[in-house]
Structures are given as structure tokens and as C-alpha cells.
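Undergrad:
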Amino acid sequence: MRRVRVVAALVRRGDTVLVQQRPPDKSRALLWEFPGGKVEPGETDEAALARECREELGVPVAVGERLWSTTHEYADLAVELVLYRASMADDATPRPHEAHQLAWVERARLPEFPFCEADVPLLPLVARGEIG
Numbered sequence: 020m021r022r023v024r025v026v027a028a029l030v031r032r033g034d035t036v037l038v039q040q041r042p043p044d045k046s047r048a049l050l051w052e053f054p055g056g057k058v059e060p061g062e063t064d065e066a067a068l069a070r071e072c073r074e075e076l077g078v079p080v081a082v083g084e085r086l087w088s089t090t091h092e093y094a095d096l097a098v099e100l101v102l103y104r105a106s107m108a109d110d111a112t113p114r115p116h117e118a119h120q121l122a123w124v125e126r127a128r129l130p131e132f133p134f135c136e137a138d139v140p141l142l143p144l145v146a147r148g149e150i151g
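Numbering (the numbering used here), first residue to last: 20 to 151.
1. In the DSSP assignment, what residue or residues form a beta bridge with K57?
2. Would you be able to state if there are at least three C-beta pairs under 8 Å between the segment 103-111 and the segment 62-69?
3. List the endpoints of the continuous alpha helix (DSSP H) containing E92.
4. Just the Cα atoms here: how many angstroms apart are P79 and M20?
5. For Q120, which residues in the same chain have their Cβ closer than 8 Å to its Cβ, ignoring the five residues on either side in sequence?
6. Per the DSSP calculation, F155 is bridged to which residue(s)?
7. Where do the ends of the beta strand (DSSP E) carrying R104 lie?
8. Report yes if the CB atom of V26 is closer than 9 Å to the CB atom of G55, and no otherwise.
9. Do R22 and V98 come within 9 Å of each other at the CB atom, strictly closer than that value?
10. Determine the closest residue to A94 out of R24, W51 and S46, with distance taken between C-alpha atoms.
11. Please report the distance separating the alpha-carbon of T90 from that of A122.
12. Taking the C-alpha atoms as reference points, what is the distance between A137 and L100?
13. Which residues mark the beginning and the end of the alpha helix (DSSP H) in which E75 is found?
Given below as C-alpha cells:
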């Protein structure tokens with residue numbers, strides 16, 4: 020089974036967080052996730068997350084502290100997922116360059132969205148304000 024390290028960004032604006040919906044033609048189609056992606060060989064987590072957010076959202080992000088991590092095995096992939104606090108300029112307007120759509124979601128409503136399985140244990144922690 021292929022193993023990947025994935026970094027994700029918890030970007031907040033007030034009481035909302037930025038999430039993205041996976042494209043319909045990709046694995047885990049139309050499920051929600053936090054912005055981010057795979058760490059390439061030789062990259063640090065922080066550099067990978069900054070690069071992925073530039074590519075996916077079209078805006079630069081400042082990567083902060085590591086907040087949470089887990090491992091999850093899908094049928095086709097083993098994922099080590101690491102969540103970091105991230106921020107963008109107040110006037111930045113992220114766009115869904117690689118996602119189906121983006122949404123700013125109230126923290127408390129995160130568990131209502133169909134997320135990728137690896138993210139599911141994180142949702143109540145963010146919703147209750149224990150993380151982020």
C-alpha cells in the first residue's frame with residue numbers, strides 16, 4: 020500500500036474555518052477536507068503546506084504551529100495527516116484552483132459536512148474549539 024504524508028491548513032476568519040471540496044473526478048470525490056496536500060521528498064511540512072496552499076487557493080499563507088496529527092488507511096492509500104495553524108492576509112481571496120469548491124464554515128457546523136475519513140476525528144475538536 021502506498022504511504023503519503025499530507026499536511027493540512029486550519030485557516031480561521033472569526034468563528035469560521037476554510038474547507039475545500041474534492042473534485043468529482045478524484046479519489047474521495049466531493050468529500051470535504053482542509054486545504055493542503057502531499058509533502059514531496061526533501062520538503063519540510065511547512066514548505067509543502069505553503070506551496071500546496073499557493074497552488075490550491077491562489078494565495079500565500081503563513082504556516083504556524085502544528086496542531087494535530089493522525090494516520091489513516093484507506094483501501095488504496097495510507098495517510099499520515101498533520102494539521103497546522105495557517106493564516107492569510109485579511110484581504111486575501113482564496114479561489115478553488117484545484118478543488119470543486121471552497122467554503123468558510125462555522126466551526127460548530129464542521130461535523131455536518133461529509134469529510135474525508137482521515138479528517139473525521141478532528142472535526143469535533145475544532146467544532147468545540149479544542150483545536151484552532
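All C-beta atoms in this analysis are idealised placements derived from N, C-alpha and C, irrespective of residue type, glycine included.
Source: prediction; values computed, not measured.
TA: Reading off the structure:
1. K57 is bridged to V25.
2. yes
3. No alpha helix (DSSP H) contains E92, which is instead part of the beta strand (DSSP E) from A81 to E92.
4. Near 33 Å, if we compare the C-alpha coordinates of M20 and P79.
5. Q39 and Q40
6. Shown here, the chain extends from 20 to 151; a query on residue 155 therefore has no answer.
7. A97 to S106
8. yes
9. Going by C-beta atoms, V98 is nearer than 9 Å to R22.
10. It is S46.
11. A direct Cα-to-Cα measurement between T90 and A122 gives close to 25 Å.
12. 7 Å
13. Here the alpha helix (DSSP H) through E75 covers D64 to L76.
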